[in-house]
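Here my numbering is used: the first residue of the sequence shown is -5, the next is one more, and so on.
The structure appears below as structure tokens.
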Amino acid sequence: MIRSHPPAPTRRVKAIDLPVRLFHWLTVLSFSLAYLLADSNRDLHQWLGYGLAVLLALRLAWGLLGSRNARCATLFNSVRSLPRYLRQMMRRDEDYSLTYNPLGALMIVLMLLTLVGIALTGHLLTTDAYWGDDTMSDLHTLLINGMLAGIALHLFGVLYASLRQRQNLARAMVDGYKRAD
């Protein structure tokens, strides 16, 4: 009789540091509340937008000075390997990354840039030069709609990668731990 042993537990390591996780969830909260309050509470909507701008500035600073996994260079290096990663995906043999896979890194960069655009156009709409300007307002709305599409793609990507990697990536954004290999 052959006895089977339970599989060895998978080792988990700290992959996402606290400042990145706080930025992520505070950004989710700020953007969501600003979106929901846009028509009903203009003042709070604007303050949430300014708060989002502060979060973006802090994330940029952490991307320059923070841990290796949080650095902007890590994101950009990952994005550079996107063509190879897409070929691997087509073969269903993509490499595992403790930080961000190239599609995830590209999504992060695009979402951050979109948030910068939203904060900037939102601020400009409060200035004398652009107060009531339809073109700036349309651009602000276009960026928000782009962000909503990005959020949907992001959630799909997290689900897809979680299934492919057999780990809960949403949980990793809460506790910071991912599978080591």
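Built from N, CA and C at the ideal position, the CB exists for glycine as well.
Secondary structure of residue i, DSSP reduced to three states
i, result
"Arg173", "strand"
"Arg5", "coil"
"Ser61", "coil"
"Asp37", "helix"
"Trp19", "helix"
"Val168", "helix"
"Trp56", "helix"
"Ala123", "coil"
"Ser26", "helix"
"Ser91", "coil"
"Ala32", "coil"
"Asn162", "coil"
Other residues of its chain near residue i: CB distance less than 8 Å, five sequence neighbours each side excluded
i, result
"Trp56", "Pro13, Val14, Phe17, Ala64"
"Asn139", "none"
"Met167", "Ile10, Arg15, His18, Trp19"
"Ala2", "Residue placement at Ala2 is poorly supported in this model, since its pLDDT is 48, which falls under 50; the coordinates still yield a value, given next. Result list for Ala2: empty, nothing under 8 Å."
Rounded straight-line distance, which links the Cα of residue j to that of residue i
i, j, result
"Asp169", "Val110", "27 Å"
"Ala146", "Asp122", "34 Å"
"Thr129", "Asn71", "35 Å"
"Asp33", "Val48", "22 Å"
"Arg165", "Asp37", "34 Å"
"Leu157", "Asp87", "14 Å"
"Tyr94", "Trp41", "31 Å"
"Leu153", "Leu23", "20 Å"
Proximity of residue i and residue j at Cβ, strictly below 8 Å
i, j, result
"Ala174", "Arg5", "yes"
"Ser131", "Leu119", "yes"
"Gly144", "Leu104", "yes"
"Tyr124", "Lys8", "no"
"Gly116", "Gly43", "yes"
"Ser52", "His39", "Reading off the sequence shown, one finds Leu at residue 52, where the question assumed Ser. No. Outside cutoff."
"Leu163", "Ala155", "yes"
"Tyr90", "Gln159", "yes"
"Cys66", "Leu58", "yes"
Other residues of its chain near residue i: CB distance less than 7 Å, five sequence neighbours each side excluded
i, result
"Gly151", "Leu97, Gly98, Met101"
"Thr108", "Leu137, Gly140, Met141, Gly144"
Host alpha helix (DSSP H) of residue i (start-end)
i, result
"Leu97", "96 to 118"
"Ala146", "128 to 159"
"Tyr79", "76 to 85"
Any non-hydrogen atom of the ligand ADP closer than 7 Å to residue i Cβ
i, result
"Gly170", "For the ligand ADP, the structure offers nothing, since it holds no ligand at all."
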